[in-house]
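Asks: One structure follows; several queries about it will come next.
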Amino acid sequence: MAEYGNETGRLAPPRHIAIIMDGNGRWATKRGLPRTAGHKAGAETFRKIATYCKDIGVKYLTVYAFSTENWKRSETEVSAIMALLKKYLLEAVDTMERDHIRLHFFGDMTPIAPELRALARETDEITEHLSRDDFQANVCLNYGGRDEILRAARRFAADCAAGQRRPGDLDEAAFSGYLDSAGIPDPELVIRPSGEQRLSNFLLWQSAYAEFYYTDTLWPDFNEAELDKAIAAYRGRDRRFGGVK
Ligand code: FPP
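Here the sequence shown is numbered in my numbering, starting from 47 and rising by one per residue.
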């Protein structure tokens with residue numbers, strides 16, 4: 047494990063890392079396996095990387111598990127991803143309290159199967175009992191950045207119509223409070239494995255000032271050393287937030 051200390055700020059990891067878990071299909075195809083085998087391996091990588099993030103002091107890890115566009119995939123593939131999520135949620139229900147891992151979902155859960163939705167509610171309830179200082183994994187499920195912004199805008203408009211808010215009151219902080227990520231700091235680092243260099247509708251609002259890190263490694267092959275490399279690259283960046291130094 048790399049030496050990460052946070053008292054002096056020296057080598058401190060980012061507080062919030064977001065990852066587009068890409069390349070599962072190609073990883074499987076390269077091995078002559080069905081795409082679903084890639085998702086299975088990718089889910090194990092998620093477990094490994096979440097544990098490592100917690101160990102090195104990252105506070106939030108947000109992963110893109112299923113986008114609003116992923117419904118276009120075959121029914122077999124969609125069902126396999128949902129089954130994996132169910133398996134990991136069942137495991138989380140039993141272990142998150144013991145391991146001090148908070149779990150939260152971003153995305154529109156309305157079209158998600160009732161059983162999976164109930165499990166997500168259960169993990170949310172467990173999260174409520176855990177300390178805000180505990181590590182938190184956010185799983186984006188039926189998530190799209192534009193959809194998230196639209197849902198937030200609708201909720202704000204409804205509050206205005208109900209007389210609870212006034213349009214003139216809306217600023218960035220207030221709008222952030224309507225997003226799925228309400229109360230969670232923006233990611234400092236967004237990682238996309240598998241060689242693709244695009245955002246694919248991921249955390250559009252939240253990654254306004256994020257540093258991006260791309261690697262050719264496919265997500266199932268991503269590991270702790272790869273995360274160390276991404277963090278080292280992030281630490282070498284000159285973050286100016288639109289200002290000058
Ligand atoms: C992108 O790779 C990956 C997905 C759309 C699914 C990710 C889902 C999991 C890893 C499983 C469940 C997650 C958790 C958190 C337990 P791709 O299929 O687009 O790969 P390709 O570009 O090589 O085809």
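The C-beta atom is built at its ideal place from N, Cα and C for all residues, glycine as well.
Considering only heavy atoms of the ligand FPP, does any lie closer than 7 Å to the CB of R211?
Replies: Within the sequence shown, numbered from 1, the residue matching residue 211 stands at position 165. Not under cutoff, so the answer is no.
Asks: Out of C186, P160, Y134, L149, which one is the CA nearest neighbour of L176?
Replies: Start at 1 with the first residue of the sequence shown, and residue 176 comes out as number 130. With distances taken between Cα atoms, L176 lies closest to L149.
Asks: Please name the residue or residues paired with A64 in a DSSP beta bridge.
Replies: Working through the sequence shown from its first residue, we reach residue 64 at position 18. T108, V236, per the DSSP bridge assignment.
Asks: Between A74 and the rest of its own chain, which residues show a CB-CB distance below 7 Å, the 5 nearest in sequence each way excluded?
Replies: As a working note, residue 74 is residue 28 in the sequence shown. Excluding sequence positions up to five before and after A74, its CB lies within less than 7 Å of the CB of P80, R81, A83, G84, all in the same chain and listed in chain order.
Asks: Smallest Cα separation from F287: which of E234, Y260, Y259, F248?
Replies: Residue numbering aside, residue 287 sits at position 241 when the sequence shown is read from its first letter. Comparing Cα positions, the closest option is E234.
Asks: Using a threshold of 8 Å, state whether the C-beta atoms of I66 and Y110 are closer than that.
Replies: Taking the first residue of the sequence shown as position 1, residue 66 is located at position 20. Taking the first residue of the sequence shown as position 1, residue 110 is located at position 64. Contact check for I66 against Y110 passes: the beta carbons are separated by less than 8 Å.
Asks: Is the stretch 248-266 in contact with the stretch 199-209, if contact means three or more CB pairs nearer than 8 Å?
Replies: no
Asks: Give the straight-line distance between the Cα atoms of A278 and E257, rounded to the nearest whole angstrom.
Replies: As a working note, residue 278 is residue 232 in the sequence shown. As a working note, residue 257 is residue 211 in the sequence shown. Taking the straight line joining both Cα atoms gives about 12 Å.
Asks: Is the beta carbon of G190 sitting closer than 8 Å to the one on E115?
Replies: By one-based count along the sequence shown, residue 190 stands at place 144. By one-based count along the sequence shown, residue 115 stands at place 69. Yes, they are a contact pair.
Asks: DSSP three-state label for R148, please.
Replies: Counted from its first residue, the sequence shown places residue 148 at position 102. Correct three-state label for R148: strand.
Asks: Is I95 closer than 8 Å to P59 when the C-beta atoms are compared?
Replies: In the sequence shown, counting from the first residue as 1, residue 59 sits at position 13. In the sequence shown, counting from the first residue as 1, residue 95 sits at position 49. In this structure, I95 does not lie closer than 8 Å to P59 by Cβ.
Asks: Let's test the definition: count the other Cβ atoms within 10 Å of the Cβ of K86 and tell me whether it reaches 16, buried, or not, exposed.
Replies: For the purposes of this step, residue 86 is taken as the residue at position 40 of the sequence shown. By the neighbour-count rule (16 or more Cβ atoms within 10 Å), K86 is buried.
Asks: Let me know the secondary structure DSSP gives N247 once reduced to three states.
Replies: For the purposes of this step, residue 247 is identified with residue 201 of the sequence shown, where counting begins at 1. Correct three-state label for N247: coil.
Asks: Which parts of the stretch 180-245 are runs of the beta strand (DSSP E), unbroken and 3 residues or longer, counting only runs that do not cross its ends?
Replies: Runs found: 181-189, 235-238.
Asks: For the beta strand (DSSP E) holding F258, just list the boundary residues, first then last.
Replies: For this step, residue 258 is matched to residue 212 along the sequence shown. Looking at the DSSP string, the run of the beta strand (DSSP E) that includes F258 is 257-260.
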